[in-house]
Each structure stands twice: as C-alpha cells, then as structure tokens.
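J.: Just so you know, the protein sequences line up as chains B and R, in that order. Mapped onto the numbering used here, the consecutive letters of the first sequence carry residue numbers 1 to 135. Mapped onto the numbering used here, the consecutive letters of the second sequence carry residue numbers 1001 to 1843. Don't be surprised by glycine CBs; every beta carbon is placed ideally from N, CA and C. Quick one: the structure is below, and I'll ask about it shortly.
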Amino acid sequence: MSLAHSDAPEAPTTAPARAGTPATGVSDGPAAPGPGVPHVVGRVDDVPPGEGRAFVAGGVQVAVFRLRDGSLHATQAACPHAGGPLADGQTDADVLVCPLHLFAYRWSDGVSTSGAAPVRRYPVHEDAGRLVVTV
Amino acid sequence: MLGGRPAGVSTLQFAMDDADGVDTRQRLVVVGNGMAGARVVEEVLERGGGEQFAITVFGEEPHGNYNRIMLSHVLAGEEHEDDIVLNSHDWYADHGVTLRAGVRVMRIDTHAKVVHAADGTTTPYDQLVLATGSRSFIPPMTGLYSGDDELLPGVFGFRTIDDTRAMLAAAAEHERVVVIGGGLLGLEAARALQGHGLHVEVVHAGTHLMNQQLDPDGGAILKQSVESLGIVVHLATRTTEVVGPDRVRGVVLADGRVLDADLLVIAAGIRPVTEVALLSGLEVERGVVVDDQLRTDDPDVYAVGECAQHRGELYGLVAPVWEQARVLADLLTGTDPDAEYHGSRTATKLKVAGVDVATMGVNRPERDTDEFLVISEPRRGVHLSVVVRDDKLVGATLLGDTRKVAFLTQAFDRGTPLPAERIRLLVDLSDGAEEVGVAELPGDSQVCNCNGVTKQGICDAVAGGCGSVGAVMDATRAGKGCGSCKALVKQVVEWAADGDVTEDPSASWYVPGVPLAKPALIAAIREQQLRSVSAVFAALGPGGAEDAKSKMGLTSLLRTVWGAEYEQENDAKFINDRVHANIQRDGTFSVVPQMKGGVTTPAQLRRIADVAEKYEVPMVKVTGGQRIDLLGVRKEDLPGMWADLGMPSGYAYGKSMRTVKTCVGTDFCRFGLGDSTQLGIDLETRFQGIESPAKIKMAVVGCPRNCAEAYVKDVGVVAVGNGRWEVYVGGAAGASVRKGDLLATVDSPAAVMQLTGRFLQYYRENANWLERTYDFVPRVGLAQVKAVVLEGSPEVLADLDAGIQRSIDAYTDPWGQDGAQPATPGQFRTALPLVDLPKVPVR
Ligand SMILES: Cc1cc2nc3c(=O)[nH]c(=O)nc-3n(C[C@H](O)[C@H](O)[C@H](O)COP(=O)(O)OP(=O)(O)OC[C@H]3O[C@@H](n4cnc5c(N)ncnc54)[C@H](O)[C@@H]3O)c2cc1C
Ligand code: SF4
Ligand code: FES
Chain B
1 MSLAHSDAPE APTTAPARAG TPATGVSDGP AAPGPGVPHV VGRVDDVPPG EGRAFVAGGV
61 QVAVFRLRDG SLHATQAACP HAGGPLADGQ TDADVLVCPL HLFAYRWSDG VSTSGAAPVR
121 RYPVHEDAGR LVVTV
Chain R
1001 MLGGRPAGVS TLQFAMDDAD GVDTRQRLVV VGNGMAGARV VEEVLERGGG EQFAITVFGE
1061 EPHGNYNRIM LSHVLAGEEH EDDIVLNSHD WYADHGVTLR AGVRVMRIDT HAKVVHAADG
1121 TTTPYDQLVL ATGSRSFIPP MTGLYSGDDE LLPGVFGFRT IDDTRAMLAA AAEHERVVVI
1181 GGGLLGLEAA RALQGHGLHV EVVHAGTHLM NQQLDPDGGA ILKQSVESLG IVVHLATRTT
1241 EVVGPDRVRG VVLADGRVLD ADLLVIAAGI RPVTEVALLS GLEVERGVVV DDQLRTDDPD
1301 VYAVGECAQH RGELYGLVAP VWEQARVLAD LLTGTDPDAE YHGSRTATKL KVAGVDVATM
1361 GVNRPERDTD EFLVISEPRR GVHLSVVVRD DKLVGATLLG DTRKVAFLTQ AFDRGTPLPA
1421 ERIRLLVDLS DGAEEVGVAE LPGDSQVCNC NGVTKQGICD AVAGGCGSVG AVMDATRAGK
1481 GCGSCKALVK QVVEWAADGD VTEDPSASWY VPGVPLAKPA LIAAIREQQL RSVSAVFAAL
1541 GPGGAEDAKS KMGLTSLLRT VWGAEYEQEN DAKFINDRVH ANIQRDGTFS VVPQMKGGVT
1601 TPAQLRRIAD VAEKYEVPMV KVTGGQRIDL LGVRKEDLPG MWADLGMPSG YAYGKSMRTV
1661 KTCVGTDFCR FGLGDSTQLG IDLETRFQGI ESPAKIKMAV VGCPRNCAEA YVKDVGVVAV
1721 GNGRWEVYVG GAAGASVRKG DLLATVDSPA AVMQLTGRFL QYYRENANWL ERTYDFVPRV
1781 GLAQVKAVVL EGSPEVLADL DAGIQRSIDA YTDPWGQDGA QPATPGQFRT ALPLVDLPKV
1841 PVR
C-alpha cells in the first residue's frame, strides 16, 4: 500500500511545480503599532475593575479593559473568531476570554491561545483620569 | 514566530576545543528543519554526537521545529500553536546547534562540499543530510493563479503553520469553503474548518474517500460518517476551474456544476521537495534516491523523510521518519556502522474527521486462497476487515472501532498464530476466552506511531516514576500526536503500573485555576473566610494569580457557601450573570420572565405583548420550559424592559434552577392523581434562582402519563395516587437522554419539597463545575445519593437543610435590583455594535 502520498488517484499530466503556500501574507502577530493618533474615549472610572467597556476611538470600535492589577488594555471590539462582543468578556492578568465561544487572547501579543486569528491591540493609557486610546 | 526567541538574542554558540580555541569537530549540515531534520539532530545528540559534530540546520520556515501532524488540531482550534513546538530556537542554542531559520538552501556544491543558501552565504560541510520534506501538490486548474506565481487570494495549501494561520484568519471572515481532496489531509481540513462554522464541501477525484487506505465499502461508510457531520462530499469529479477574478468566488467541476466558495483548500496529495537535490546533481526519480544506508549517490550526502525515495517507496507519514532518523544517527555517529534501513511497514493508526482508522498491509484479498473476513455496520460507522493468507495476517482495516489494533499489529508484524475462529480477530466474543491484551505486546512494538514511542518506552517512564497517564504522556510524548493511540497508551500505563495509577491531579480540580478538589476548596474557603473571587485567587491561586476561565465557577461556589454574605464582584461573573440575560450569537440578549409552573394570566400576556412591541423584539418564542422568550434584545434596553414587564427574572441564563414544568394535574385533567400544578409552583417559588454547578430543570406531573416530561428532568416528580409522589433525579433530555433514577416515593407535597432541597444541596456541594445531575448521579452512584439524602444522620440532614435555606434566604430578584440601580458603571452599556456611540473629541 502506498501511503497518503497522492490522494488524487490519477496524477494530472501537467504538474506545475509551485509551492502550496497561500498568497495571503500573514504576519506573526499584529503589526507593531505605528504612529497612531491618541483619542480620549472616556474616563478610567467608566471601566469597572476587571471588566471591559466598548468605545469608539477615531471611528474605530475598541474594547478597553481595566484589570484588577490596575493595568489598562485595549483591543478591537469584535472577536476575531465570530464577531463576539469582547468588552463583555472575562479577564485575568494574561488573557481576555470572549463570551461567545470562550476563545482566549493573550494581552502580551494578541495571539489566541485557542487557535483563532489574533486580536488587534491598541495602546491605551490614563491621562489625569481620562482614558486615551491610540489608533 | 513559533518557538522563537526575543529579537537580538544570538542563537550562535560553538563548543570550542579548549586547548587552542579551534573547533576540531566535523561539520554536519542538515537541510530542512522539519520533523525528519530535527529528529536526526536529536538522535545524533542523543548518541553523544555533540562532541563529534558542529551541527548547522537550515530551515526555510522561520520557526523552530514544530509537530506538523498537529496542524489539523491547531486548525480545529483544539490546540494552541505554542503547544505544538517540538524544538524552540532556545533548544537549538542550548544544545550548541546553529539554526539558520528562515534561510532557504539553493544548492549544494558536492565537489567543494559547500552549501549555497539564498541569503548569499556559503557553508562548508563534511556530512550533509537532506530533509526537505514535501509540499502540497497543486493540480492544474484554470484561474488558479492571480499573478505569475501567486495563488489567487483565498486559495490555500495545507502543509505549514503559516498555511494554517492564513486559513484561520480567512475562516473568521468567510462562510463557504471547498476542499479539494478526500484523503487524510483534506478530511482533516474539512472537519476543522467546519468547526469554525463554515459550510464545507469536499471534492474528491476518487470513487471513494481515503482511497489510499480504504476499500470502497470502508470508504462508503466513512463518507456517511463525514456527511453526518454536515460536510457535503462530491466523489469521482475534479475541479477544473477557479472562479475569480479578485479572489476565490467558487469552483467549476468537470461535470459543469459550479460550487460557491470563498475559500479553496487544496489537499490533493503531496510531492517531495527535490529542487535542491536536482540542482546539486544528485539522483532524483520521484524523490531523492537513497540506498539502505540512506545515502544518495554522493557518499557524504544523505536524505531522510518525505523527500527520500527508498527502494522505490515514498512515505507520507511520520512513523518511517523516526525509523530513518535512528538508522542515520547510528551511521553518522558510528554507534552502529552497519545500521541499515529496510523500509517501513505500512501499519498506520489515524484519526480522521473524528473517526478512528487503522490500516495495515493489503485491504482486500488478492489470491483465490486468501481468507477475507468483513464486519460492516454502516449504522454505527464501523467497518472492519482482515485478510489472512496461509494462516498469517497480511492485511487489516479498522474503521470506527480500533480496539483490536494492538493484537492485529502484533499478528501482522510477527506473524503470530491466529485464532482458528477468525472472527476473534475482529471482535472479543463474550466467553472471555484468552484475550490478547497489552500484556502480550512485545516491548519494542510501537504504541504511538506519531512520536515513535514503544511499549518499552512507556514502561520505562512508569518505572522512572511517572505515576499518571498525563505524566507519561508529557515525559514520552506518547499520545501527543494525532491522539488515536491515547486509549492504548492508557492501557499500557495501567498495565505497567500494575493498576497503581494516580489520576491526573488537575482532573479533580473544581476549576482549572485553583489546584484543589471541591471539598478541599470549600473547606479552605470556609476556614479562611474567603468571600470574594479575588480573595480566593489571592489566597489559593498558584502564586496568587487569577484565572479568567475559573471565575464563573468560583462565583457560583461562593454563593453556594456564603449565601447573602458572598461579596459581589461583577467582573467575576459571566456576562449573562452580569446583566441577567442570555447572550446570543450576535451579542444581543434574550429575556425570559418568570412564569411559575408554566402558568400565566391574560394580564401578563398583554404586558409581554406590549413590551415586545415597544422594544421591537425581533422574535417571541414559547420555550420548552413553558415560558415565553423575548429574543434579540439590546443590552441597553434590558433595564427598561424589566421595569415595563414588572415580572421577576426567569433565570433562563444562569447555572441555576431554571424552571419547573407542570401539567394541569387534578385541576383539569381527567387522569390527574395529584395537584401537580400547585406543587410545581411551590417548588419554583422555593428554589427560584438557586445557583448550582450547572443548570437545573424540574417538572411535576399528575400521573405517570408524564405529560410534562418529569422522567427526564434533573428533578422530576410524578403523582402515583393515594397522595403519594415519586421523586426522580438525574434525568436528561438534552444532548444526552437519560431517564431519571427513582430516589424515593414520599407521601406529601411537603416531603417532596424537603427531599428536593436535600438533593439539590448535596448536588451543589459535591458536583464538579458544569456537571449536570445526569452525570453527577451516575458518577457518585444512586446508592450513595440515597445514603446521604434519605438515610443520612440527623446532623447531615440538618446541614443540608440549613445550606439550601441559606441560599433561599439570599434570593433577590436580580431584575428588580439592578434594574433600579446598576451594579457597576456602564453595566448595560452596549458592547456591540458601536456605530451610534457618542464620540469624545480629541484634545
Ligand atoms: C496537516 C498535516 C497532518 C498530518 N497528519 C499526520 C498524521 O496524523 N500521521 C502521520 O503519520 N503523518 C501526518 N502528516 C505527515 C507528517 O507531517 C510528515 O510525514 C512529516 O512532517 C515528514 O517530515 P519531513 O521532515 O520529511 O518533512 P517536513 O516536516 O515537511 O519538513 C521539511 C522542512 O524542510 C524545509 N525545507 C524544504 N526545502 C528547503 C530548503 N531548500 N532549504 C531549507 N529548508 C527547506 C521545509 O520548509 C520544511 O520545514 C501530516 C501532515 C500534515 C501537513
Ligand atoms: S401527566 Fe397525567 S395528570 Fe398530568 S396532564 Fe398528563 S395525563 Fe393528566
Ligand atoms: S466570537 Fe469570540 S469566541 Fe467565538
């Protein structure tokens, strides 16, 4: 028995020798943040500790999270998996978990620990009680 | 990058000869950093080759070495890509191996003995190993390429982690995929993508699926199993044209049919990568030709893995790779200068689209005298066959049931005697006669094909102190490939440990983030007076760390333990519990008002109708739990709706007591033996909203005709006449169907209420998180449940009664409460879609 070497029974007569890699270029993660524009989206107190809230920053929908350790994180608002509302997710120091199918995304690089496409992250910081997201 | 290291950290490190600082070792260069190349390096190092050789590995992929066969799992979202790394960049550095990741080798100058790489460098070698593997074969089709070399956007091969990432990204954005190829790879891709919610069609040129491994009958049964997953299969046709032009829009089949598609995955077989060998003047037929010492026609150049052609055979599976790597390492290091590779047997175990498949040797009789035994059970998706020649097993195919694979592999390998009753080859007859189990497997028989782990390897790990199946799997990698051998690994471990196997500790933890089983966790919570989820993590989490996926279970447990004294933390709740409604696939919510016992009034119905109109509720649905569901409600509308409804929450969203269904019992039914309606209303009143490890559904019926399905509820109560009621527990009519177990027959509604409370509390205190009663009751055993809730000591029963009462007393209607005063700022703020949100100007 010859193994799975060719799953097509009759080999086509002309076989172009081309790599089977896709045309779509994929980066290893979200691109390094370019020089974005800062937007004040609200106040830090608008986001309760450990939770997330959705905002619009310069026309872009973002979800902003304030972790229990006080750190701030911002991601795209819709889950890369199937568009779930990430601001309704649950968090810990390492990951954000989407409420719809519980895919988890790492804060450090946006990569999904469950095999979905990575989530896009945005720089966010506090400025005198105001929440500033750079997109 | 996969298995990468932070930028700027050097991966170069040479072990120098101490005396004069000159490396006197031979130079070993490996071209190709896939499963074969990296395994050769590992095997060479294992034989002390680090002192003999300065090793350099070229890999075209920028990553460390990863387990390619796990890509199907990554694509399916079952594994994270970080978990399939076999050798990270650090591993190479730590072992003094130079990894030239992301560098393609162009050709080898076998006379000058140097390697020319695409980055312009030249690297001298003394010994060279080619391990360039295969690539996806892309059959010719009109419209497949957008530019000269570029595949049309949306077209993918399935070979590398980059292919897999690209497919995952595309799967998130698109809906329809056509997979070309109904072999192992194609079916794996199809199932994985279907799991992401895509509509999947498989186009296969053969007349049956997996025609390389299965006979037509087996293929037909596999087709049924695949189709029952919802995957469409087109056989005996090929794709002639890709519809574009900007990206994939569909494909045209040879018979003229057109299939719509946003993605096209090509898994039509693989072809060895031979360019380097060809350009270097080495002998290439279909693959790089090697002899029994894996040598090419140049004495210092070897080839292993899928790029190598040995005795006319090409291999497409990983088991032969391991055998070749061992032989080559023996030769290179001189450990066994006469080592030879004689080809690999073709016994394979696979898991395809969730179906276990094992094949060896031939799959149908070839001579008149061959014996052929087939057991075909299409309805169960099982197809088993063996071919026996001259009293020896020469072939076997197991589809859907691979329990006999250990015995058959042994018989196939060693030609061991076969039972006279041939049917025993395929099934264990119930008389229990001499079963050939793991005990008789020879030590060197391979248990895990994917990672080349033998029975002896597993036994050694157990002897070396691995006490659990998980520990053995971590130590040996057995079972960490395609996973089809896990059951066998478990059997061998149990046999080797002589039954002395510990459960994996984490299996007993209540939630993954706190390393304690439920009783110990409850004890610690009580003892240390931990009243909030963050306090539990701080005191009991590893290093005090919180864990997102554990929060919901802990919230539920704290409420069970503390009742009203539990300290609320909204972020520790799942979104449903934060906003007291059930989140839907589009981020909207469903609202289900309480309707005790399924009894309502015209006034209530009128109010529900008004509210549905006022808030433009897209769908009003009568539920299976005898209530009315308002679906598609925006989060920000929830408080207003609750206020307008003026009805309490029906708890249709929580891990809690949800509804009590009833029938009309003695009120109206001519068969009624008891007032089931009133008892149902009373039960729902008493236990409304009680949080529990998983949802609880109840029903009360007025006679055994069971009109409200009490036999299949978590708690079901049936009137049997003379004022007597039967109480059933652990029933289910969801994904699994189970008739409840009769807990007791009692003689008053008050006794039903008390017994229900005791059972619920026992379940709440002892069940694992998300364990429904239909799993819990069989797990602990009905006898045990009875021993506690019926025959427990007065103290035990008093504790149960007090425990449930504490939660009953803590009940508040969440709609009344948070509707009036939000628990946190923005509790009901929309999370999606955001188009209408106010924008604060930039300053
Ligand atoms: C999705 C998937 C699922 C699979 N499932 C199973 C399974 O369940 N069971 C099983 O037994 N097998 C399975 N296989 C097959 C198994 O992965 C292969 O048999 C195995 O990877 C072969 O190893 P290899 O080293 O020969 O080739 P590869 O692992 O492909 O490694 C070759 C490496 O060489 C590199 N390379 C090529 N040319 C150059 C060059 N010129 N310069 C530098 N580097 C170069 C390539 O980039 C590649 O990294 C599966 C394969 C895939 C793709
Ligand atoms: S279960 Fe019995 S009492 Fe209840 S409605 Fe049906 S027939 Fe009547
Ligand atoms: S939409 Fe986020 S996990 Fe599915």
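With distances taken from CA atoms, which of R:Asp1571, R:Val1030, R:Val1040 is nearest R:Ser1852?
T.: Nothing in the structure corresponds to residue 1852 of chain R, since chain R is present only between 1001 and 1843.
J.: Would R:Glu1709 pass as a contact of R:Ala1699 if the rule is Cβ separation under 7 Å?
T.: Residue 1709 of chain R sits at position 709 when you count from the first residue of the second sequence. Residue 1699 of chain R sits at position 699 when you count from the first residue of the second sequence. Result yes, Cβ atoms of R:Glu1709 and R:Ala1699 sit closer than 7 Å.
J.: Does the distance from the C-beta atom of R:Asp1714 to that of R:Ile1690 stay below 7 Å?
T.: One-based indexing of the second sequence puts residue 1714 of chain R at position 714. One-based indexing of the second sequence puts residue 1690 of chain R at position 690. Contact flag unset, no.
J.: Does the region 1354-1374 of chain R come within contact of the region 1062-1079 of chain R, defined as at least 3 CB pairs closer than 8 Å?
T.: Result no; under three Cβ-Cβ pairs closer than 8 Å.
J.: Kindly examine ligand 1 and report whether one of its heavy atoms sits closer than 6 Å to the Cβ of R:Val1321.
T.: By 1-based counting over the second sequence, the position of residue 1321 of chain R is 321. True, at least one ligand heavy atom lies under 6 Å from that Cβ.
J.: Residues of chain R with CB under 8 Å from B:Thr91, in chain order?
T.: Sequence index remark: in the first sequence, residue 91 of chain B carries index 91 (1-based). Ala1548, Asp1571, listed in chain order.
J.: Taking DSSP as the reference, what is the three-state secondary structure of B:Asp127?
T.: Counting from 1 along the first sequence, the entry for residue 127 of chain B is found at position 127. Of the three classes helix, strand and coil, the one that applies to B:Asp127 here is strand, per DSSP.
J.: Looking at the C-beta of R:Ala1189, does it have a partner C-beta in chain B at a distance below 7 Å?
T.: For the purposes of this step, residue 1189 of chain R is identified with residue 189 of the second sequence, where counting begins at 1. Taking Cβ atoms only, chain B never reaches closer than 7 Å to R:Ala1189, which makes this a no.
J.: Since I believe R:Val1746 is in contact with R:Leu1755 (beta carbons under 8 Å), could you give me their beta-carbon distance rounded to a whole number of angstroms?
T.: As a first step, residue 1755 of chain R is located in the second sequence; it is residue number 755 there, counting from the start. As a first step, residue 1746 of chain R is located in the second sequence; it is residue number 746 there, counting from the start. Contact holds; Cβ gap of about 6 Å.
J.: Could one say the Cβ of R:Gly1032 lies closer than 7 Å to chain B's Cβ atoms, at least one of them?
T.: Along the second sequence, read from residue 1 onward, the residue named residue 1032 of chain R stands at position 32. Closer than 7 Å: no.
J.: Residues of chain R with CB under 7 Å from B:His81, in chain order?
T.: Taking the first residue of the first sequence as 1, we reach residue 81 of chain B at position 81. Within 7 Å Cβ-Cβ: Ala1172.
J.: Can you check whether the C-beta of B:Pro123 is within less than 7 Å of a C-beta belonging to chain R?
T.: Taking the first sequence and counting its residues from 1, the one referred to as residue 123 of chain B is at position 123. It does not: the Cβ of B:Pro123 has no partner Cβ on chain R nearer than 7 Å.
J.: How about R:Thr1824: is its C-beta nearer than 7 Å to some C-beta of chain B?
T.: What you label residue 1824 of chain R is simply residue 824 of the second sequence in a count that begins at 1. Yes, because at least one Cβ of chain B sits closer than 7 Å to the Cβ of R:Thr1824.
J.: So within the region 1412-1479 of chain R, which uninterrupted alpha helix (DSSP H) runs reach at least 4 residues, ignoring any that extend past its ends?
T.: Those alpha helix (DSSP H) runs which fall completely within the region 1412-1479 of chain R and span 4+ residues are 1455-1463, 1469-1476.
J.: Alpha carbon to alpha carbon, what distance is there between R:Leu1128 and R:Thr1121?
T.: Counting from one through the second sequence, the residue named residue 1121 of chain R turns up at place 121. Counting from one through the second sequence, the residue named residue 1128 of chain R turns up at place 128. Answer to the nearest angstrom: the Cα atoms are 16 Å apart.
J.: In angstroms with no decimal places, state the Cα-to-Cα distance between R:His1342 and R:Asp1370.
T.: Here residue 1342 of chain R refers to the residue found at position 342 when the second sequence is read from its first residue. Here residue 1370 of chain R refers to the residue found at position 370 when the second sequence is read from its first residue. R:His1342 and R:Asp1370: Cα-Cα distance of roughly 26 Å.
J.: Are the region 1571-1584 of chain R and the region 76-94 of chain B in contact at 8 Å, needing three or more beta carbon pairs?
T.: These segments touch.
J.: Return the chain-ordered list of same chain residues with a C-beta closer than 8 Å to the C-beta of B:Val41, the five sequence neighbours on each side being excluded.
T.: Along the first sequence, read from residue 1 onward, the residue named residue 41 of chain B stands at position 41. If we look at B:Val41 and ignore the five residues flanking it on each side, its Cβ neighbours are Phe55, Val56, Ala57, Val62, Val64, Leu131, Val132, Val133.
J.: Report the CB separation of R:Val1105 from R:Phe1058 in whole angstroms; it is logged as a contact under 8 Å.
T.: Working through the second sequence from its first residue, we reach residue 1105 of chain R at position 105. Working through the second sequence from its first residue, we reach residue 1058 of chain R at position 58. Rounded, the Cβ-Cβ distance is 5 Å, consistent with contact.
J.: Are there 16 or more other CB atoms within 10 angstroms of the CB of R:Val1579, so buried, or fewer, so exposed?
T.: Within the second sequence, the letter at position 579 stands for residue 1579 of chain R. Under this definition R:Val1579 is a buried residue.
J.: Is R:Ile1161 near ligand 1, with its Cβ less than 6 Å from a heavy atom?
T.: On the second sequence, residue 1161 of chain R is found 161 positions in, with the first residue counted as 1. For ligand 1, not one heavy atom lies less than 6 Å from the Cβ of R:Ile1161.
J.: Given that a residue counts as buried once 16 or more other Cβ atoms are within 10 Å of its Cβ, and exposed if not, what is R:Asp1818?
T.: For the purposes of this step, residue 1818 of chain R is identified with residue 818 of the second sequence, where counting begins at 1. Answer is buried; the Cβ neighbour count reaches 16.
J.: Measuring straight from C-alpha to C-alpha, what distance separates R:Gly1730 and R:Lys1549?
T.: Within the second sequence, the letter at position 730 stands for residue 1730 of chain R. Within the second sequence, the letter at position 549 stands for residue 1549 of chain R. The alpha-carbon atoms of R:Gly1730 and R:Lys1549 are separated by roughly 26 Å.
J.: Can you confirm whether the region 1294-1305 of chain R touches the region 1124-1142 of chain R when touching is taken to mean that 3 or more C-beta pairs between the two stretches lie within less than 8 Å?
T.: Output reads yes: the region 1294-1305 of chain R touches the region 1124-1142 of chain R.
J.: How would you list, in chain order, the residues of chain B whose beta-carbon sits under 7 Å from the beta-carbon of R:Lys1551?
T.: Along the second sequence, read from residue 1 onward, the residue named residue 1551 of chain R stands at position 551. By Cβ distance, chain B contributes Gln90.
J.: Which residue spans inside the region 1564-1603 of chain R form an unbroken alpha helix (DSSP H) run of at least 4?
T.: Qualifying alpha helix (DSSP H) stretches, in chain order: 1575-1579.
J.: Within 10 angstroms of its Cβ, does R:Thr1056 collect 16 or more other Cβ (buried), or is it exposed?
T.: Here residue 1056 of chain R is taken as the residue at index 56 of the second sequence, counted from 1. It is buried - the Cβ of R:Thr1056 has at least 16 other Cβ atoms within 10 Å.
J.: Check whether the region 111-130 of chain B and the region 69-79 of chain B are in contact - that is, three or more C-beta pairs closer than 8 Å.
T.: Flag = yes, the region 111-130 of chain B and the region 69-79 of chain B touch.
J.: So, with DSSP's three-state summary, where would you put R:Asp1775?
T.: Taking the first residue of the second sequence as 1, we reach residue 1775 of chain R at position 775. Here R:Asp1775 sits in helix by DSSP.
J.: What is the rounded straight-line gap between the Cα of R:Ser1146 and the Cα of R:Pro1140?
T.: Here residue 1146 of chain R corresponds to residue number 146 of the second sequence, with the count starting at 1. Here residue 1140 of chain R corresponds to residue number 140 of the second sequence, with the count starting at 1. Roughly 14 Å between the two C-alpha positions.
J.: Does R:Gly1721 come within less than 7 Å of chain B when only Cβ atoms are used?
T.: As a first step, residue 1721 of chain R must be located in the second sequence, where it is residue number 721. Chain B contact via Cβ: absent.
J.: Compute the Euclidean distance between the alpha carbons of R:Arg1379 and R:Arg1367, then round it to the nearest angstrom.
T.: Looking up residue 1379 of chain R in the second sequence gives position 379. Looking up residue 1367 of chain R in the second sequence gives position 367. Approximately 30 Å between the Cα atoms of the pair.
J.: Pull up the DSSP beta-bridge partners for R:Ser1228, would you.
T.: Position 228 of the second sequence, counting from 1, holds the residue named residue 1228 of chain R. For R:Ser1228, which the question treats as bridged, DSSP gives no partner whatsoever.
J.: What residue range does the alpha helix (DSSP H) around R:Tyr1302 cover?
T.: Position 302 of the second sequence, counted from the start, is the residue given in the question as residue 1302 of chain R. From DSSP, R:Tyr1302 is part of no alpha helix (DSSP H) but of the beta strand (DSSP E) over 1301-1303.
J.: For a quick check, are the C-beta atoms of R:Gly1182 and R:His1204 less than 7 Å apart?
T.: Within the second sequence, numbered from 1, the residue matching residue 1182 of chain R stands at position 182. Within the second sequence, numbered from 1, the residue matching residue 1204 of chain R stands at position 204. Yes, Cβ-Cβ distance for R:Gly1182 and R:His1204 is below 7 Å.
J.: In terms of alpha-carbon separation, which member of R:Leu1398, R:Ala1831, R:Leu1554, R:His1089 lies closest to R:Glu1061?
T.: By 1-based counting over the second sequence, the position of residue 1061 of chain R is 61. Considering only alpha carbons, the answer is R:His1089.
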